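Please read the structure below before turning to the comments.
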Amino acid sequence: MDKTWHSTILTLFPEMFPGPLEHSLAGKALKENKWSLQTIDIRDFAYDKHQTVDDTCAGGGAGMVLKADVVDKALTHACNQYVSENPAIIYLTPRGEPLRQPRVHSLMQDHPAGCILLCGRYEGVDDRVIEKWREEKGLIEISIGDYILSGGEIAALTLMDACVRLLPGVVNKQESLESESFELDLLEFPQYTKPQIWQGKVVPEILLSGDHKKIAVWRHDQAEKITQERRPDLWQAYLNKRPFDQR
Ligand code: ADE
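Counting in our numbering, the sequence shown runs from 92 upward without gaps.
Here is the structure:
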């Protein structure tokens, strides 16, 4: 395989891709072949005449569960396409590790070839296939937040967008990546553009001073203030990282 970052998505709704990723920065990078996307329809791996992919929950209860053998075949097919490469194999589920920016970085560093994303539907996927792929191929489970979506597809799109932005040449200025929220463990400082006065509200004087040192100090102070006000969890983590004499 070439150097392009590949994403392979296993889904019952291939038409949901690339969806919003066809637009904006990710869309431009997709057209420029900086990354690529392939969907695999899980239903193609059903083997009966009704193309059944799911069945009722063992133990009873509402909803349907994706069958282990069907999902296993789809994952094997996806993996075979990467040959000797080492893609990240990810199951999107609200039970997974909550996604944070450092995880996006580590995924891109540890798996530069790309990723295979398994999107669940209904009540989920038979846990035995998840366990098998975790044990044998290092599958990881990722959640994009503590809420329940109708399936993993929107979570997969979110994760892919976060990954693609880190590819070289996708976001124009390296600086703009580095000052963004979370890259420095703080939320981002507020941004303004022209006009200087809009509906009586003014752009802070210091930003018009041309004094880059003072502007950097102001921005850092603002980032700290906003983080402290809005995200006590991040603020505490930030304080804990600082040397003792600066806390
Ligand atoms: N599938 C359903 N809800 C999800 C979530 N919050 N994160 C990842 N995958 C999901």
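Cβ atoms here follow ideal geometry from the backbone N, Cα and C, with glycine treated the same way.
Being a predicted model, the structure only gives us computed values, none of them experimental.
Proximity below 8 Å, CB of residue i to CB of residue j
i: residue 155; j: residue 213; result: yes
i: residue 205; j: residue 96; result: yes
i: residue 57; j: residue 111; result: Past the edges of the chain, shown from 92 to 338, lies residue 57, and the structure says nothing about it.
i: residue 227; j: residue 187; result: no
Whole-angstrom distance between residue j and residue i, CA atom to CA atom
i: residue 114; j: residue 124; result: 14 Å
i: residue 210; j: residue 175; result: 24 Å
i: residue 322; j: residue 198; result: 25 Å
i: residue 305; j: residue 299; result: 11 Å
i: residue 151; j: residue 221; result: 20 Å
i: residue 92; j: residue 177; result: The predicted model places residue 92 with a pLDDT of 49, which falls under 50 and marks its position as unreliable, so this point remains unresolved.
i: residue 263; j: residue 203; result: 20 Å
i: residue 192; j: residue 167; result: 29 Å
i: residue 296; j: residue 288; result: 11 Å
i: residue 236; j: residue 325; result: 16 Å
i: residue 157; j: residue 121; result: 31 Å
i: residue 109; j: residue 195; result: 19 Å
i: residue 284; j: residue 291; result: 14 Å
i: residue 116; j: residue 308; result: 30 Å
i: residue 180; j: residue 293; result: 49 Å
i: residue 132; j: residue 275; result: 39 Å
i: residue 223; j: residue 316; result: 46 Å
i: residue 286; j: residue 311; result: 23 Å
i: residue 200; j: residue 225; result: 20 Å
i: residue 243; j: residue 336; result: 45 Å
i: residue 119; j: residue 331; result: 39 Å
i: residue 148; j: residue 320; result: 44 Å
i: residue 251; j: residue 189; result: 15 Å
i: residue 142; j: residue 255; result: 34 Å
i: residue 245; j: residue 230; result: 19 Å
Integer-rounded CB distance, given that residue j should sit under 8 Å from residue i
i: residue 318; j: residue 278; result: 5 Å
i: residue 247; j: residue 183; result: 5 Å
i: residue 101; j: residue 144; result: With 8 Å as the limit, residue 101 and residue 144 do not qualify as a contact, their Cβ atoms being about 11 Å apart.
i: residue 280; j: residue 328; result: Contact doesn't hold; Cβ gap of about 18 Å is too wide.
i: residue 234; j: residue 185; result: 5 Å
i: residue 136; j: residue 94; result: Wrong, their Cβ atoms sit about 29 Å apart, outside the cutoff.
i: residue 169; j: residue 217; result: Contact flag wrong, Cβ pair sits at about 17 Å.
i: residue 208; j: residue 98; result: 6 Å
Alpha helix (DSSP H) segment containing residue i, residue limits
i: residue 313; result: 303–321
i: residue 107; result: Taken as a continuous stretch (DSSP letters only), residue 107 belongs to no alpha helix (DSSP H), as it is neither H nor E.
i: residue 232; result: Per DSSP, residue 232 belongs to no alpha helix (DSSP H); it is in the beta strand (DSSP E), 231–234.
i: residue 192; result: 192–201
i: residue 249; result: 244–255
i: residue 215; result: Per DSSP, residue 215 belongs to no alpha helix (DSSP H) and is neither H nor E.
i: residue 137; result: Unbroken run through residue 137: none, as it is neither H nor E.
i: residue 121; result: 115–122
Residue i - containing beta strand (DSSP E), residue span
i: residue 179; result: 179–189
i: residue 100; result: 96–102
i: residue 221; result: Unbroken run through residue 221 is the alpha helix (DSSP H), 218–228; no beta strand (DSSP E).
i: residue 127; result: 126–132
Residues that residue i bridges to, as DSSP identifies them
i: residue 210; result: 183
i: residue 155; result: 147
i: residue 289; result: 292
i: residue 205; result: 97
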